[in-house]
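> Sharing a structure, written as structure tokens. Questions coming.
2 protein chains.
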Amino acid sequence: MTHARLTPLAQSLPATVPFVGPETQERAQGAPFKARLGANENVFGPSPKAITAMAQADTWMYGDPESADLRAALAAQHGCTPAHIMVGEGIDGLLGYLVRLMVGAGDTVVTSAGAYPTFNYHVAGFGGVLHTVPYAGDHEDPKALFAKAAEVDAKLVYLANPDNPMGSCHPGADIAAAMDDLPAGTLLVLDEAYVECAPEGTALPLGWDDPRVVRMRTFSKVYGLAGARVGYAMGAPDLIEAFHKVRNHFGMNRAAQAGALAALEDQSHLHKVQGQIAASRNRIAQIATDNGLTPLPSATNFVTIDCGHDGPFAKAVLDGLIARGLFVRMPFVAPQNRCIRISCGTDAMLDLLATALPEALGDAARTES
Amino acid sequence: MTHARLTPLAQSLPATVPFVGPETQERAQGAPFKARLGANENVFGPSPKAITAMAQADTWMYGDPESADLRAALAAQHGCTPAHIMVGEGIDGLLGYLVRLMVGAGDTVVTSAGAYPTFNYHVAGFGGVLHTVPYAGDHEDPKALFAKAAEVDAKLVYLANPDNPMGSCHPGADIAAAMDDLPAGTLLVLDEAYVECAPEGTALPLGWDDPRVVRMRTFSKVYGLAGARVGYAMGAPDLIEAFHKVRNHFGMNRAAQAGALAALEDQSHLHKVQGQIAASRNRIAQIATDNGLTPLPSATNFVTIDCGHDGPFAKAVLDGLIARGLFVRMPFVAPQNRCIRISCGTDAMLDLLATALPEALGDAARTES
């Protein structure tokens with residue numbers, strides 16, 4: 008009876024989840040994970056000043072629907088105005104608003120095969136038609152993405168730089184150059200969630216008023232506030248203004264607003280975490296190499312490891328790690344799914360990885376033979 | 008250029024905000040409010056156990072996308088199963104998901120003229136057509152709402168019990184009886200945000216499997232966690248399941264989940280706050296009476312005061328209170344806009360009200376004459 012009342016689009020959608028959460032897996036297996044290395048969270052944690060700010064927030068009050076203090080601080084950091092910035096409930100929430108604004112039934116959207124599934128979830132959820140192009144090796148392929156966008160007259164084209172799940176990146180200048188071929192009717196959704204982990208020069212070197220692109224940033228990764236749900240979109244003011252048409256104006260958690268502001272102001276903690284991430288990436292790469300596997304270069308807070316065989320083999324390795332209490336994930340589609348993806352962890356967590364990986368590889372080899 | 012890319016629906020929407028936040032008003036006036044009595048927040052605050060739980064949350068981790076612990080505790084309290092419950096980013100967020108699921112372009116929806124504007128915002132945002140019926144006196148009119156729903160073949164009909172902005176309520180049994188005339192194709196959206204402030208018997212006395220209704224509850228009011236953004240919808244499992252098609256699966260703040268759970272478990276704090284709210288309502292009513300105004304009976308955490316004249320007069324009183332540093336609000340439409348609405352406050356805040364109200368009334372009388 009209920010389902011008859013849903014819109015035709017809603018009726019057609021599956022009850023889905025882009026990612027199964029680690030807590031769901033823990034409940035299914037009846038035991039907690041020993042190491043949480045699957046969601047590209049920041050185990051090194053947020054600034055202590057952010058923790059204090061969140062603890063001191065007066066949570067009986069609604070948050071400021073304009074997130075004015077945070078937007079002012081972000082504008083100062085990025086050299087733009089608050090009108091260039093929309094704060095929202097993580098990049099996931101902002102992607103939902105953006106797709107809703109731009110994509111109606113039958114509208115076309117382009118992304119890479121195997122790129123961020125939550126974006127695809129939103130496109131499907133608003134009736135959009137998704138076209139994909141393959142990765143070029145282990146990189147997303149801006150040239151092919153923009154050519155496909157022209158071919159299918161896409162409203163949006165999604166590109167993550169650095170990329171998840173492969174950890175690769177392009178110099179921002181290369182993306183800017185490729186944008187010469189971005190069709191006039193297509194908006195580039197540039198997901199820079201991991202940009203603070205990437206080499207200098209990865210961020211897109213174009214002005215904030217450029218109408219061709221909206222950039223997505225987050226406090227969930229290097230800032231260590233995944234559970235707070237604070238992301239922001241940056242773009243030309245008329246685009247940013249459009250979010251006010253559809254967003255949940257009182258959707259921001261008040262403590263999260265205060266925590267993000269404090270985290271932003273503690274750049275020395277950010278630099279410390281960047282160092283911890285770099286060291287952890289090196290350790291993961293070393294563990295991979297020690298086991299005869301190939302770590303891919305990473306511009307993110309995770310390392311994608313080529314297991315050297317096909318998807319089922321990598322899946323067997325993944326299952327072996329999960330069975331040993333390590334929460335890890337892997338790419339969804341071929342050929343990226345020859346890999347597993349390990350988020351940066353503490354030394355103790357990576358000790359567990361170093362122990363479990365050869366065992367999991369042994370399991371996988373036995374499964375194969 | 009950007010706006011040409013928006014969907015036709017998005018192009019047609021205004022960049023709007025259902026409520027102007029108090030922080031926005033403070034920035035405009037260049038001074039903070041002395042008393043925050045306009046958003047029906049709970050100035051008495053959440054359980055100290057909730058504050059501790061939020062402070063101890065590991066915010067580097069994403070929240071559990073299933074909110075499983077919280078849903079289990081809510082199910083135990085309400086005598087249903089977790090499958091009857093969807094936790095979301097406040098009732099506002101859940102209303103957005105519900106409207107998205109049910110309402111497409113041109114679909115009809117019914118509410119009361121002057122009822123919750125954020126619901127109307129979502130209906131407009133998904134292209135729905137809103138029909139309204141007047142209040143019956145100071146109460147929403149279930150019989151008229153359901154008759155209008157039948158007349159216009161509504162997908163949804165919205166009813167808040169207790170009501171905001173008037174503070175009135177119906178016995179739940181009366182609404183259940185009125186539902187005999189709810190059309191088969193119409194889902195009742197019963198907003199029970201304030202039900203924990205209301206007399207025994209206000210909650211709808213129907214089973215959780217009833218497919219005709221979805222009930223909305225929140226931790227923003229009596230539980231004192233407005234800034235945490237935790238609401239929940241309760242309904243038949245197949246309806247609740249549909250939320251998974253469109254919701255932001257990782258949208259919940261992890262600390263907020265923990266805080267809501269701790270707040271729920273501290274029912275003695277809830278009872279204490281209920282007493283504080285009752286006392287504060289009495290004090291507000293007394294202040295109104297002392298000034299020759301008529302306080303309406305309240306089943307909520309605010310008191311709506313009939314200023315005895317028309318909308319412009321009440322607006323002048325409101326402006327006088329705001330000019331004296333009190334954040335208060337008033338109903339949007341006639342005839343409810345003969346009133347102002349005062350949220351429960353501490354004794355110190357209500358002392359300010361007692362001082363400011365006669366002055367504001369004097370201003371308003373001079374404006375009138």
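Protein chains in written order, with this note's numbering: chain A, 8 to 376; chain B, 8 to 376.
Cβ coordinates follow ideal geometry from the N, Cα and C atoms, glycine included.
The structure presented is a predicted model; accordingly, all values stated were derived computationally and were not measured.
1) Return the Cβ separation of B/A292 and B/V280 in integer angstroms, given the expectation that the two are a contact with Cβ distance under 8 Å.
2) Using a Cβ-Cβ cut-off of less than 8 Å, list which residues of the stretch 253-264 of chain B approach chain A; keep chain order.
3) Return the chain-ordered list of same chain residues with a C-beta closer than 8 Å to the C-beta of B/L268, the five sequence neighbours on each side being excluded.
4) At a Cβ cut of 8 Å, what residues of the stretch 216-241 of chain A count as close to chain B, listed as they run along the chain?
5) Would you say A/M8 lies against chain B (beta-carbon separation less than 8 Å)?
6) Which residue comes first and which comes last in the beta strand (DSSP E) that contains A/M337?
7) In this structure, what does DSSP give as the bridge partners for A/Y165?
8) From A/F226 to A/P342, what does the alpha carbon distance come to, in whole angstroms?
9) May I ask you to report which of helix, strand or coil DSSP gives A/C346?
10) Output needed for A/R336: all residues of its chain with C-beta closer than 6 Å, excluding positions within five of it in sequence on either side, in chain order.
11) Run through chain E and tell me which residues come within less than 8 Å of B/N49, C-beta to C-beta.
12) Please name the residues in the stretch 189-212 of chain A whose beta-carbon is closer than 7 Å to at least one beta-carbon of chain B, in chain order.
13) Among B/N127, B/E73, B/H316, which residue has its Cα nearest to the Cα of A/Q32?
14) Taking B/R34 as the query, report the chain A residues whose CB atoms sit under 7 Å from its CB, ordered along the chain.
15) If we ignore side chains and look at the alpha-carbon of each, how far apart do B/T118 and B/T139 end up?
16) In terms of residues, what are the limits of the beta strand (DSSP E) holding B/D239?
17) Going by the CB atoms, is the gap between B/I294 and B/A361 shorter than 8 Å?
18) Quick check: is the beta carbon of B/L13 nearer than 8 Å to any beta carbon in chain A?
19) Out of curiosity, what's the CA-to-CA distance linking A/H129 and B/K252?
20) Mind reading off the beta-carbon distance from B/M109 to B/I247? Whole number of angstroms is fine, and I expect it under 8 Å.
21) Rounded to whole angstroms, what's the CA-CA distance from A/A35 to A/D326? Just pull it up for me.
22) Check the Cβ-Cβ distances between A/V110 and every residue of chain B, and say whether any is below 8 Å.
23) Applying a beta-carbon distance threshold of less than 9 Å, which residues of chain A neighbour B/G52?
24) Taking DSSP as the reference, what is the three-state secondary structure of B/G95?
25) Kindly indicate which three-state DSSP category A/M8 falls into: helix, strand or coil?
26) Identify every residue that forms a DSSP beta bridge with B/T311.
27) Please decide whether B/H3 counts as near chain A, where near means a Cβ-Cβ distance under 8 Å.
28) Under DSSP, the beta strand (DSSP E) around B/L137 begins and ends at which residues?
29) For B/Q18, is the classification buried or exposed, using 16 other Cβ atoms within 10 angstroms of its Cβ as the cut-off for buried?
30) Excluding five sequence neighbours on each side, which residues of the same chain lie with their C-beta closer than 7 Å to the C-beta of B/G103?
31) My assumption, with CB atoms under 8 Å, is that A/G234 sits in contact with B/R261. Please give the rounded CB distance.
32) With distances taken from CA atoms, which of A/D370, A/V221, A/G52, A/N127 is nearest A/F320?
33) Using a beta-carbon distance cut-off of less than 7 Å, what residues from the stretch 145-166 of chain B approach chain A?
34) Taking a Cβ distance cut-off of 8 Å, strictly less, list which residues of the stretch 82-104 of chain B are near chain A, in chain order.
35) Of all the options B/G97, B/A372, B/P218, B/A38, which has the alpha carbon lying nearest to the alpha carbon of B/L232?
36) List the DSSP bridge partners of B/V220.
So, from the listed chains and residues:
1) About 18 Å; that fails the 8 Å criterion.
2) V253, N255, H256, F257, G258, M259, N260, R261, A262, A263
3) A60, D76, L77, A80
4) P218, S227, G231, L232, A233, G234, A235, R236
5) Residue confidence for A/M8 is low, a pLDDT of 45 falling below 50, so the modelled location carries little weight and cannot support an answer.
6) From DSSP, A/M337 is part of no beta strand (DSSP E); its letter is neither H nor E.
7) A/V196
8) 30 Å
9) strand
10) G45, R348
11) Absent from the structure: chain E. Protein chains present are A and B.
12) G192, L194
13) B/E73
14) A75
15) 5 Å
16) Contrary to the premise, residue 239 of chain B reads as Tyr rather than Asp in this sequence. Element bounds for B/Y239: 238-241.
17) yes
18) yes
19) 10 Å
20) Going by Cβ atoms, the distance from B/M109 to B/I247 rounds to 13 Å, so no, they are not a contact pair.
21) 14 Å
22) yes
23) D65, T66, W67
24) strand
25) Summary for A/M8: the model assigns pLDDT 45, below 50, so the residue's position carries little reliability; its value from the coordinates is reported in the next sentence. Correct three-state label for A/M8: coil.
26) B/R348
27) Only positions 8 to 376 of chain B appear in the structure, and residue 3 of chain B is not among them; the question remains open.
28) 136-140
29) exposed
30) H129
31) 3 Å
32) A/D370
33) K162
34) E96, G97, D99, G100, G103
35) B/G97
36) B/L195
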